[in-house]
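Quick note, the sequence shown lines up with residues 46 to 166 if you use our numbering. From the three backbone atoms N, C-alpha and C, an ideal C-beta is built for every residue, glycine too. The structure appears right after this line, and notes come after that.
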Amino acid sequence: MSSKKMKARPRRSKKSKKVSKQPAPETEESEDDSISHLLGVTIVAINATKDLVHIDLAKGILGTIANILTLAQSVIKNKSDFQAIADKCETIREILGRATKEATEDDLRGHLGHALTQLNK
46 MSSKKMKARP
56 RRSKKSKKVS
66 KQPAPETEES
76 EDDSISHLLG
86 VTIVAINATK
96 DLVHIDLAKG
106 ILGTIANILT
116 LAQSVIKNKS
126 DFQAIADKCE
136 TIREILGRAT
146 KEATEDDLRG
156 HLGHALTQLN
166 K
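Now the structure itself:
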């Protein structure tokens with residue numbers, strides 16, 4: 046038997062914090078920008094290659110690939126735009142919710158009052 050000493054491993058605390066798997070919004074946005082840029086460069090390269098190819102079938106395939114990548118690029122941009130709109134709506138809802146939380150029936154009369162009370166439901 047060898048006389049090697051076993052090193053004690055540091056033990057993890059049972060209360061160790063779990064690392065979030067979701068990237069920060071800023072990181073996700075910059076990733077989306079990078080991907081969108083890379084798709085744009087790839088689309089330009091495919092279109093340039095398509096112009097150099099003399100085989101119609103290959104031109105058609107390259108054109109189809111470029112169209113698919115253009116659609117993917119649009120989806121990424123729309124996702125970012127939609128998230129910005131959703132964030133603004135959430136902020137407005139929170140502000141209006143706080144403003145109407147303590148309001149009485151007398152404070153909230155008419156169509157505007159009805160609309161504002163619907164936000165608190």
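| request: Assuming GLN118 and GLY85 form a contact by the criterion Cβ under 8 Å, report the distance between their Cβ atoms to the nearest whole angstrom. | output: 6 Å
| So the alpha helix (DSSP H) ARG138 belongs to, where does it begin and stop? | 101–145
| message | Which of the three DSSP states is assigned to VAL98 in this structure? | response | coil
| task | Mark ILE91 as exposed unless 16 or more other C-beta atoms lie within 10 angstroms of its C-beta, in which case mark it buried. | result | buried
| query | Do three or more CB pairs link the segment 121–139 to the segment 71–80 at distances below 8 Å? | reply | yes
| request: State buried or exposed for ALA111, treating a residue as buried only when at least 16 other CB atoms are found within 10 Å of its CB. | output: buried
| task | Note down, in chain order, each residue of its chain lying with its Cβ closer than 8 Å to the Cβ of HIS159, except the 5 sequence neighbours on either side. | result | LEU153
| query | When the Cα of GLY142 is compared with those of THR94, GLN163, GLY105, which residue comes out closest? | reply | GLN163
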